[in-house]
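Enquirer: If you want the numbering used here, it's the position in the sequence shown, counting the first as 1, plus 3.
Idealized CB from N, CA, C, for every residue including glycine.
As the structure is a prediction and not an experimental result, all values here were calculated from the model.
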Amino acid sequence: MNFSNKVYELCKKIPRGKVSTYKEISKSLNSKAYMAVGQALNKNPYKNVPCHRVIGNNSFLGGYAHGLKNKAKLLEKEGIKIKNNKVINFKEVLYRF
4 MNFSNKVYEL
14 CKKIPRGKVS
24 TYKEISKSLN
34 SKAYMAVGQA
44 LNKNPYKNVP
54 CHRVIGNNSF
64 LGGYAHGLKN
74 KAKLLEKEGI
84 KIKNNKVINF
94 KEVLYRF
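#1: Is the beta carbon of R56 sitting closer than 8 Å to the one on I91?
#2: Is there contact here, the stretch 4-11 with the stretch 34-44, by at least three beta-carbon pairs under 8 Å?
#3: Quick one: which unbroken beta strand (DSSP E) runs of 3-plus residues sit fully inside the stretch 59-92? Chain order, please.
#4: Given a threshold of 16 other Cβ atoms within 10 Å of its Cβ, counted over all protein chains shown, does K74 qualify as buried or as exposed?
#5: Per DSSP, what kind of secondary structure is S23 in: helix, strand or coil?
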C-alpha cells in the first residue's frame, strides 16, 4: 500500500465529531512528513475518506480542496466548534490513533 492510501485508511478511522491532525497521522505512519499527509488528502479521490476531519496541530483548519468555508460547515455539522478558522474545543475533540 502506498503512502497516500495509508493516509486515507487512517483518515477513515477518525470518528464523526472528532478531528485529528496532519502530525498525528504522520506519527501513526512512523513519519515526519506532515506536508505529504496534507498533499495526499488534497488529492483524495474517495468520497468515503473524511479528510475534512484533519486539521493543523495548532488547531487551525489548514487547507481543504473544497474551501475552508465548506470544511468549517462540515465540521460544525458534526459538533466541532469553530471560530476564526480554528477549532475552539480542540483538546476535547482530538482523535489520536
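Expert: In terms of the structure at hand:
#1: Residue 56 sits at position 53 when you count from the first residue of the sequence shown. Residue 91 sits at position 88 when you count from the first residue of the sequence shown. For the pair R56 and I91, the CB atoms are not nearer than the 8 Å cut-off.
#2: Inter-segment contact for the stretch 4-11 and the stretch 34-44 is present: three or more beta-carbon pairs are separated by less than 8 Å.
#3: Every candidate beta strand (DSSP E) stretch fails here, since none sits fully inside the stretch 59-92 while reaching 3 residues.
#4: Taking the sequence shown and counting its residues from 1, one reaches residue 74 at position 71. Flag for K74 reads buried.
#5: Within the sequence shown, the letter at position 20 stands for residue 23. Three-state result, S23: strand.
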